[in-house]
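This report refers to the structure that appears directly beneath it.
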């Protein structure tokens with residue numbers, strides 16, 4: 018599944034007249050870069066959610082004959098559902114016997130997605146999250162087996178979920194048996210999550226982060242830490258988009 022429904026507010030004015038997923042990077046829309054990367058990893062059945070300028074994305078895919086892939090549209094034109102809500106709505110396209118990959122349309126990376134998917138299968142986790150030591154203000158907190166236990170915002174000091182007794186030591190968080198890692202906007206998810214996502218409290222517009230934090234002691238949600246180096250850009254911001262252009266050149 019590719020998340021392509023967002024308003025793209027961080028990319029204004031580029032997104033005043035088009036969806037974020039169609040903003041050009043090195044002469045091609047972001048969406049094409051993501052579709053190409055996913056297809057090269059062997060995925061041939063893709064669901065794309067749409068909201069902001071939805072008809073433009075549908076028309077773009079039609080003009081390109083869906084790039085020879087089986088592409089489904091999860092239409093959120095009436096209400097933008099965020100990440101958990103988007104996955105919940107797209108369940109008819111995602112549910113089954115196989116795990117599915119979820120990829121933000123504004124993430125550009127050369128990460129080996131097939132290796133990521135296979136690692137998820139081997140781990141038997143319910144969810145695998147791309148997680149790195151990238152510098153940010155908000156982190157997922159994992160235990161020494163790299164299972165998700167909580168979340169922290171270093172700017173505000175807020176810790177979640179409620180009751181998670183976590184007291185980070187900035188010099189070396191691993192001394193407490195925990196690891197703070199930044200989420201990279203790519204996950205591999207097993208259909209087991211739908212048993213929990215079906216709860217009414219996840220109806221409507223809901224982010225996936227609260228869902229993960231609410232279920233991390235019930236589901237096996239694990240960090241995926243790639244064995245080899247890879248490049249990664251959040252191209253949902255103007256400065257990062259410019260950096261990504263330099264990367265391509």
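Residue numbers (the numbering used here): 18 to 266. Glycine included, every Cβ here is placed at the ideal spot set by N, Cα and C.
- A Cβ-Cβ distance of about 7 Å is found for the pair residue 69 and residue 25, placing them in contact under the 8 Å criterion.
- For residue 145, the number of other beta carbons within 10 angstroms of its own is at least 16, and it is reported as buried.
- Residue 163 carries a coil assignment under DSSP once its states are collapsed to helix, strand and coil.
- A contact between stretches requires three or more CB pairs, one per stretch, nearer than 8 Å, and the region 119 to 132 meets this requirement with the region 232 to 245.
- For residue 263, the enclosing alpha helix (DSSP H) covers residues 255 to 265.
- The region 102 to 118 makes no contact with the region 193 to 202: fewer than 3 CB pairs, one atom from each, lie closer than 8 Å.
- A residue is called buried once 16 or more other Cβ atoms fall within 10 Å of its Cβ, and residue 139, having fewer, is exposed.
- In its chain, beyond the 5 residues on either side, 21, 22, 36, 74, 75, 90, 91, 92, 93, 94 have a beta carbon closer than 8 Å to the beta carbon of residue 67.
- Counting along the chain, residue 240 sits inside the beta strand (DSSP E) bounded by residues 238 to 241.
- Per the DSSP secondary-structure output, residue 235 pairs with nothing in a beta bridge.
- Assignment of beta-bridge partners to residue 46 by DSSP yields 41.
- If you check the CB distance, residue 111 and residue 64 come in under 8 Å.
- For residue 202, there is no enclosing alpha helix (DSSP H); the enclosing beta strand (DSSP E) has its first and last residue at 195 to 206.
- Spatial neighbours of residue 39 in its own chain (CB-CB distance under 8 Å, excluding positions within 5 residues in sequence) are listed in chain order as 46, 47, 48, 70, 73, 74, 77.
- Residue 158 and residue 80 have their C-alpha atoms roughly 43 Å apart.
- For residue 120, no alpha helix (DSSP H) encloses it; the enclosing beta strand (DSSP E) starts and ends at 117 to 121.
- Ranked by Cα distance from residue 133, the options 147, 224, 122 are led by 147.
- Here the C-alpha atom of residue 178 lies approximately 21 Å from the C-alpha atom of residue 150.
- In the DSSP assignment, the residues bridged to residue 145 are 205, 239.
- Residue 251 is positioned such that its CB atom lies closer than 8 Å to that of residue 124.
- By DSSP's assignment, residue 91 forms a beta bridge with 66.
- Bounds of any beta strand (DSSP E) do not take in residue 153, whose DSSP letter is neither H nor E.
- For residue 110, the enclosing alpha helix (DSSP H) stretches over residues 108 to 111.
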